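> A single structure is presented below for examination.
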Amino acid sequence: MMKQFMLAVIIVICYLNSALGQNKTYFGIEFSSANDIYKITDNGDYLMNVPLGNAAGGFHIRQELNKNLFIETGLILKYYWQGFGFKTIPYYGSSSSDPSWIIPVRFGLNLNLYKEKISLVPVVGYSFGINPPFGYGSGYGNQTSGTTTIEYNYSENPDVSRYFSLIQTGIGLEFKLFETLLLSISTNYYSGLNKTTQIDINYTANNANPATGTAISKGEFWCVSTGLKYPISNFWTAR
Numbered sequence: 066m067m068k069q070f071m072l073a074v075i076i077v078i079c080y081l082n083s084a085l086g087q088n089k090t091y092f093g094i095e096f097s098s099a100n101d102i103y104k105i106t107d108n109g110d111y112l113m114n115v116p117l118g119n120a121a122g123g124f125h126i127r128q129e130l131n132k133n134l135f136i137e138t139g140l141i142l143k144y145y146w147q148g149f150g151f152k153t154i155p156y157y158g159s160s161s162s163d164p165s166w167i168i169p170v171r172f173g174l175n176l177n178l179y180k181e182k183i184s185l186v187p188v189v190g191y192s193f194g195i196n197p198p199f200g201y202g203s204g205y206g207n208q209t210s211g212t213t214t215i216e217y218n219y220s221e222n223p224d225v226s227r228y229f230s231l232i233q234t235g236i237g238l239e240f241k242l243f244e245t246l247l248l249s250i251s252t253n254y255y256s257g258l259n260k261t262t263q264i265d266i267n268y269t270a271n272n273a274n275p276a277t278g279t280a281i282s283k284g285e286f287w288c289v290s291t292g293l294k295y296p297i298s299n300f301w302t303a304r
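Letter by letter, the sequence shown follows residues 66 to 304 in this note's numbering.
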């Protein structure tokens with residue numbers, strides 16, 4: 066499915082490039098510092114979200130549609146992290162999954178801020194993602210802090226989707242360097258549509274009645290990104 070989606074995107078980009086031959090085509094690389102988002106449910110009111118920082122990187126191709134509008138696609142490699150913590154204890158656990166592949170298709174505006182050298186760039190788009198073949202983990206442990214002792218165990222629920230969709234919204238700045246290169250700095254939020262991870266959690270606090278909770282991800286994350294782009298259309302168009 067990922068191959069078919071990527072092929073369709075490439076065909077569209079090639080068509081736009083031939084139809085809009087006077088507009089520039091860019092090739093770029095991008096690296097991001099990200100944080101994954103989980104939704105916690107808990108009937109014992111002890112569970113909490115924890116920081117799940119990670120990195121992502123990839124390449125992309127941009128096709129200008131006119132002076133102020135462009136379409137962009139590419140391929141992103143991302144390691145999703147998973148974890149949870151307890152409110153009364155300043156410790157938490159997290160672990161990484163195998164790498165996921167994300168194919169973004171986004172539209173953006175190029176809004177001049179200063180002499181065509183600094184631009185404000187808002188974007189919105191759709192991303193198709195694919196997780197690796199699943200291996201379902203489990204674990205257990207205990208944590209103590211002050212007067213609180215928690216014993217817990219958890220397991221990954223197999224009722225999730227290997228393929229997922231994300232909606233991207235973001236905004237950034239682009240700086241023109243040496244009249245050709247574009248340096249970008251941006252922040253983005255990817256909201257998810259399909260459940261990709263579910264952690265089922267059981268725990269007891271101070272030997273009280275057992276409590277249960279879940280930590281669910283739909284592939285959502287926010288990120289801060291930096292990238293560099295070069296107009297590869299310079300190779301086949303007259304200057």
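We put the CB at the ideal spot given by N, CA and C, even for glycine. For clarity, every value in this text was computed on a predicted model and none was experimentally measured.
Are the beta-carbon atoms belonging to F193 and V170 less than 9 Å from one another?
yes
> Tell me W301's beta-bridge partners as DSSP assigns them.
According to DSSP, W301 bridges with nothing at all.
> Do you know whose CA, among H125, G206, L130, W146, lies nearest T138's CA?
H125
> Starting from Y268 and walking both ways along the beta strand (DSSP E), at which residues does that stretch end?
262–270
> Mind checking who P169 pairs with in its DSSP beta bridge?
S192
> Distance check for T291 and G93, CA to CA, integer angstroms please.
10 Å
> For A120 and M113, what's the separation of their Cα atoms in angstroms?
22 Å
> Would the segment 208–226 and the segment 238–251 be scored as touching if the rule is three or more Cβ pairs under 8 Å?
no
> With contact counted as at least three CB pairs below 8 Å, one residue from each stretch, are the segment 180–192 and the segment 227–243 in contact?
yes
> Would the beta-carbon of G123 fall within 9 Å of that of I167?
Yes, the Cβ-Cβ distance between G123 and I167 is below 9 Å.
> With a 10 Å radius around its C-beta and 16 neighbouring C-beta atoms as the bar for buried, classify A273 as buried or exposed.
Exposed is the call here.
> According to DSSP, is D163 part of a helix, a strand, or is it coil?
strand
> Taking 8 Å as the limit between beta carbons, can you name the residues of its chain near P275, skipping five residues before and five after?
N267, Y268, T269
> Following the continuous beta strand (DSSP E) through E244, name the residue where it begins and the one where it ends.
For E244, there is no enclosing beta strand (DSSP E), as DSSP marks it with neither H nor E.
> Could you have a look at N133 and say whether DSSP puts it in helix, strand or coil?
DSSP places N133 in the coil class of the three-state scheme, outside both helix and strand.
> Would you kindly work out how many angstroms separate the C-alpha atoms of F286 and T252, rounded to a whole number?
Looking at the two C-alpha atoms, the distance is approximately 11 Å.
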